[in-house]
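Reviewing the structure listed below.
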Amino acid sequence: GSGVTLEIASGNVKVPDLIGKSDIEARTLLTQAGFLVKTVEAFDANQPLGVVIAQAPTAGETKIIGSSVTITINKAPTNG
Numbered sequence: 040g041s042g043v044t045l046e047i048a049s050g051n052v053k054v055p056d057l058i059g060k061s062d063i064e065a066r067t068l069l070t071q072a073g074f075l076v077k078t079v080e081a082f083d084a085n086q087p088l089g090v091v092i093a094q095a096p097t098a099g100e101t102k103i104i105g106s107s108v109t110i111t112i113n114k115a116p117t118n119g
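Going by our numbering, the first residue of the sequence shown is number 40, and it counts up by one from there.
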């Protein structure tokens, strides 16, 4: 054999960098990579609304396919 192993064959994939991406784009990237998506909402006045402002685990970490990645979406605070 050639001795070449694909990372995907081991069931591990790298977490993509999602900071600054739209909610939909981030969900799509995670789903395509084989992750489960969990979302939470927070408000950061310095960031555009509807984009990812935090993620866990961080980008570049290697995780097992099917594990969950939590993204924090910037959402305006609701009054009342």
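We treat Cβ as the ideally placed atom computed from N, Cα and C, and that holds for glycine.
Rounded separation between residue i and residue j - CA only
i, j, result
"ILE104", "LEU69", "10 Å"
"ALA98", "ASN118", "33 Å"
"VAL52", "LYS60", "19 Å"
"LYS114", "VAL76", "17 Å"
"ALA84", "GLN71", "30 Å"
Residue i classed as buried or exposed, judged by whether at least 16 other C-beta atoms fall within 10 angstroms
i, result
"PHE127", "The chain is shown only over 40 to 119; residue 127 falls outside these bounds and no answer can be derived."
Own chain, CB closer than 7 Å to residue i, minus 5 neighbours either side, in chain order
i, result
"PRO116", "PHE82"
For residue j and residue i, believed in contact at Cβ under 8 Å, the rounded distance
i, j, result
"ILE58", "GLU80", "That belief does not hold up - the Cβ atoms of ILE58 and GLU80 are roughly 15 Å apart, past 8 Å."
Own chain, CB closer than 8 Å to residue i, minus 5 neighbours either side, in chain order
i, result
"PRO96", "VAL54, LYS102 and VAL108"
Contacts around residue i, its chain only, beta-carbon distance under 6 Å, and the 5 residues preceding and following it disregarded
i, result
"ASP56", "ALA98"
Check whether the segment 57 to 64 and the segment 81 to 94 touch, using three or more Cβ-Cβ pairs below 8 Å as the test.
yes
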